[in-house]
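Novice: Please find one structure pasted underneath; my questions will follow.
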Amino acid sequence: MARLTTESTIYVTYIATTPEKCWEAITTSAFTKLYFFGRSIEADWKVGAEIVYRTPGGKVDVQGKILECDPPRFVRFTWHVEMIPELKHLPDSIVSYRIERAGEGVIRFTMTEEHPAPLDERLLEGGRSGWPLILSGLKSVLETGKMFKADPPGPPPAMLEYFKELRK
Amino acid sequence: MSKSTFLYVTYIRTTADKLWDALTKTEFVKQYWFNMHQDSDWREGSSWEMKNSKGEVWDSGKILESHPPRKLVISWHHEHDEPARSEPNSRMTYLIETAGPLVKLTVSHESDVENSTLIGKVSGGWPMILSSLKSFLETGQPLPDPRKAA
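As structure tokens, this is what we get:
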């Protein structure tokens, strides 16, 4: 029987940049297209506004609502996957990005993926395999200015198993 | 199953060989590990030590598995501060995999102690060290110490 969890996924990385540049990198499509598997981002960066990550083909991948917004330090928003049919029925997760100064010319970037509603723990593997690749790319783009060519990983084995059960 | 675990994955634009050297050669480690370095010949059964710039030993252990440039497993005992010093050996694993033009580095650090103080401490340290390692390999420059105020 599948285990349900409300555990958060947290990823911390330190980047040689300023809070302002990092904020720009997470909030503008010119940057997100470089490291977020080609996704563009659309949002009016205010509490209550809608936020959308869109694929290069124009499909809505993720859609949510901004819960907290304090540029250039913090943004927290609901996260609903629209593009993968097997995940559409899931309750919202909450994703936040926190930017803090940490030493001379360095920031600490913290991504937190919260699951307020209990979720099959196998589904957490999606974020756990995707975020390190996305956020390694964010760091590379900010530090080297170069595109980080990486294809999105396919759903991890635990998630495929979940999909299979769903179809039964 | 370990009672306390730290797990971290980072993708670096480099080669497996370069990453292995950066993780094991003292002259590289000294550049990005914020004034600490490790001494070992990294052969199975050999010992290793983590020292600060004055040569004081902070951590020590043995090489349990060594498969350059893919996998390293070491036992890890903290020597400096209580209560972490009283904990039994923890285990640390580097796993290096090629991922297209990138290299995927997975670091796992596990202890059989529930709510291990050591794992708590290294959970704060590893992201800093591995971020500095990635900067060092991709830009030639390590990170300034994030713990030092600007």
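Residue numbers (the working numbering), protein chains in the order written: chain Z, 73 to 240; chain H, 6 to 155.
The beta-carbon is built from N, C-alpha and C at its ideal position, and this holds for glycine as well.
Thinking F108(Z) and Y83(Z) are a contact (beta carbons under 8 Å), I'd like their distance in whole angstroms, please.
Specialist: As a working note, residue 108(Z) is residue 36 in the first sequence. As a working note, residue 83(Z) is residue 11 in the first sequence. With 8 Å as the limit, F108(Z) and Y83(Z) do not qualify as a contact, their Cβ atoms being about 14 Å apart.
Novice: Just the Cα atoms here: how many angstroms apart are E185(Z) and E49(H)?
Specialist: Sequence index remark: in the first sequence, residue 185(Z) carries index 113 (1-based). Sequence index remark: in the second sequence, residue 49(H) carries index 44 (1-based). Distance between the alpha carbons of E185(Z) and E49(H): 39 Å.
Novice: Alpha carbons only, please: which of T90(Z), L191(Z) and V213(Z) is nearest the one belonging to E241(Z)?
Specialist: Outside the shown range of chain Z, which is 73 to 240, sits residue 241(Z), and nothing can be said about it.
Novice: In chain Z, what lies closer than 7 Å to M133(H) by C-beta?
Specialist: For this step, residue 133(H) is matched to residue 128 along the second sequence. Here the neighbours are Y86.
Novice: Would you tell me roughly how many angstroms separate the C-alpha atoms of V34(H) and S137(H), rounded to the nearest one?
Specialist: Taking the second sequence and counting its residues from 1, one reaches residue 34(H) at position 29. Taking the second sequence and counting its residues from 1, one reaches residue 137(H) at position 132. Straight-line Cα distance between these residues: approximately 10 Å.
Novice: Closer than 8 Å by C-beta to L105(Z): which residues in its own chain qualify, once you throw out the five before and the five after it? Chain order, please.
Specialist: Walking along the first sequence from the start, residue 105(Z) turns up at place 33. Correcting the residue identity first, residue 105(Z) is Lys in this sequence and not Leu. Taken in chain order, the residues that qualify are R111, S112 and P128.
Novice: Just to confirm my understanding: we take T31(H), look at its own chain, exclude 5 residues before and 5 after, and list those with CB closer than 8 Å. What are they?
Specialist: Numbered from its first residue, the second sequence carries residue 31(H) at position 26. Around T31(H): H42, Q43 and D44.
Novice: Quick check on the DSSP output: the alpha helix (DSSP H) that includes F36(H) runs from which residue to which?
Specialist: The residue you call residue 36(H) lines up with position 31 of the second sequence. Note that residue 36(H) corresponds to Gln in the displayed sequence, not to Phe. Looking at the DSSP string, the run of the alpha helix (DSSP H) that includes Q36(H) is T31 to Y37.
Novice: Closer than 6 Å by C-beta to L100(H): which residues in its own chain qualify, once you throw out the five before and the five after it? Chain order, please.
Specialist: Taking the first residue of the second sequence as 1, we reach residue 100(H) at position 95. Same-chain partners within the cutoff: K76 and T111.
Novice: Report yes or no: do the region 79-99 of chain H and the region 114-124 of chain H share at least 3 C-beta pairs separated by less than 8 Å?
Specialist: They touch, by the three-pair rule.
Novice: Can you give me the Cβ contacts of G206(Z) inside the same chain, cut-off strictly under 8 Å, excluding the 5 residues immediately before and after it?
Specialist: Translated into the one-based positions of the first sequence, residue 206(Z) becomes position 134. The sequence shown places Ile at residue 206(Z), rather than the Gly named in the question. Excluding sequence neighbours, I206(Z) sits near Y107, F108 and F109.
Novice: Have a look at the DSSP bridge pairing and note the partners of A115(Z).
Specialist: By one-based count along the first sequence, residue 115(Z) stands at place 43. Answer by DSSP bridge pairing, in chain order: I123(Z).
Novice: What's the gap between the Cα of W53(H) and the Cα of W47(H)?
Specialist: Walking along the second sequence from the start, residue 53(H) turns up at place 48. Walking along the second sequence from the start, residue 47(H) turns up at place 42. C-alpha separation (whole angstroms): 7 Å.
Novice: On a CA-only basis, which of T100(Z), K137(Z) and P144(Z) is nearest F181(Z)? Give me that one, please.
Specialist: Position 109 of the first sequence, counted from the first residue, corresponds to residue 181(Z). Nearest of T100(Z), K137(Z) and P144(Z) to F181(Z), Cα basis: P144(Z).
Novice: Apart from the five residues on each side of it in sequence, which residues of its chain come closer than 8 Å, Cβ to Cβ, to L142(H)?
Specialist: Your numbering for residue 142(H) matches position 137 in the second sequence. Counting only Cβ-Cβ distances below 8 Å, and skipping sequence neighbours, we find I17, R18, T19, K23, L24 and A27.
Novice: Where does K160(Z) fall in DSSP's three states?
Specialist: In the first sequence, counting from the first residue as 1, residue 160(Z) sits at position 88. Three-state result, K160(Z): coil.
Novice: Going by alpha carbons, who is nearest to G217(Z) out of C94(Z), P225(Z) and P224(Z)?
Specialist: Numbered from its first residue, the first sequence carries residue 217(Z) at position 145. When only C-alpha atoms are compared, the closest one is C94(Z).
Novice: What's the gap between the Cα of H82(H) and the Cα of S9(H)?
Specialist: Within the second sequence, residue 82(H) is the residue found at index 77, counting from 1. Within the second sequence, residue 9(H) is the residue found at index 4, counting from 1. Going by the C-alpha atoms only, they are around 15 Å apart.
Novice: Between the Cα of G175(Z) and the Cα atoms of S91(H), S7(H), P149(H) and E115(H), which residue gives the shortest distance?
Specialist: Looking up residue 175(Z) in the first sequence gives position 103. That would be P149(H), whose Cα lies nearest to the Cα of G175(Z).
Novice: Does DSSP classify V213(Z) as helix, strand or coil?
Specialist: Locating residue 213(Z) in the first sequence gives position 141, counting from the first residue. Looking at V213(Z) - three-state DSSP - the assignment turns out to be helix.
Novice: Chain Z beta carbons: is any one of them nearer than 8 Å to that of S7(H)?
Specialist: Against the second sequence, residue 7(H) aligns to sequence position 2. With 8 Å as the cut-off, S7(H) does not count as an interface residue toward chain Z.
Novice: Under DSSP, the alpha helix (DSSP H) around S9(H) begins and ends at which residues?
Specialist: Here residue 9(H) refers to the residue found at position 4 of the second sequence. No alpha helix (DSSP H) holds S9(H); the beta strand (DSSP E) holding it covers S9 to I17.
Novice: Within 8 Å (strictly less), CB to CB, does E176(Z) reach chain H?
Specialist: Position 104 of the first sequence, counted from the start, is the residue given in the question as residue 176(Z). For E176(Z), the answer is yes, since a Cβ of chain H falls inside 8 Å of its Cβ.
Novice: Quick check: the Cα distance between N160(H) and W38(H), rounded to an integer number of angstroms?
Specialist: This structure cannot speak to residue 160(H), because chain H is shown only from 6 to 155.
Novice: Just confirm the distance between the C-beta atoms of F149(Z) and K137(Z), as a whole number of angstroms; I'd bet it's less than 8 Å.
Specialist: Position 77 of the first sequence, counted from the start, is the residue given in the question as residue 149(Z). Position 65 of the first sequence, counted from the start, is the residue given in the question as residue 137(Z). Their Cβ separation, rounded to whole angstroms, is 6 Å, which keeps F149(Z) and K137(Z) in contact under 8 Å.
Novice: What does P204(Z) touch in chain H if you count any residue whose Cβ is under 7 Å from its own?
Specialist: Sequence index remark: in the first sequence, residue 204(Z) carries index 132 (1-based). Within chain H, the residues near P204(Z) are V14, T15 and Y16.
Novice: On the three-state DSSP scale, how would you describe E70(H)?
Specialist: As a first step, residue 70(H) is located in the second sequence; it is residue number 65 there, counting from the start. Correct three-state label for E70(H): strand.
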